[in-house]
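Worksheet: one structure, shown below.
So, in structure tokens, the structure goes:
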């Protein structure tokens, strides 16, 4: 079971996409061309590969990432914008890390 919110990690790109819900993932799937190496990371750190069959999106559980691994992804993401001091990016949990990417309303 996927624990929302999640982040979408596209292969070869440091930018991460915050996903608030399954509906938002489905919306992103309409606009993107996926690679077999793209994956979703949920709030508990579980990573899921993405399978699209006949316009249906299926998430297949692969592994669980540590807070350090998720933090490194977020550091690379923020570095691409060059707006935040990377050393200051630290999290206690994967859930905190993913929530930090939520866009401001």
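In my numbering, the protein residues as written are 317 to 421. All C-beta atoms, glycine included, are put in the ideal place defined by N, C-alpha and C. What you are looking at is a predicted structure, and each value in this text was computed from that prediction instead of being measured.
Within its own chain, the residues whose Cβ lies closer than 6 Å to the Cβ of residue 326, once the five positions on either side in sequence are excluded, are 354, listed in chain order. Proximity to residue 410 across 420, 380, 396, 419 peaks at 380, based on C-alpha coordinates. A straight line joining the alpha-carbon of residue 360 with that of residue 382 spans about 9 Å. Residue 347 and residue 341 have their C-alpha atoms some 10 Å from each other. Per DSSP, the beta bridge partners of residue 367 are 374.
Looking at the backbone, the Cα of residue 392 and that of residue 373 are separated by about 27 Å.
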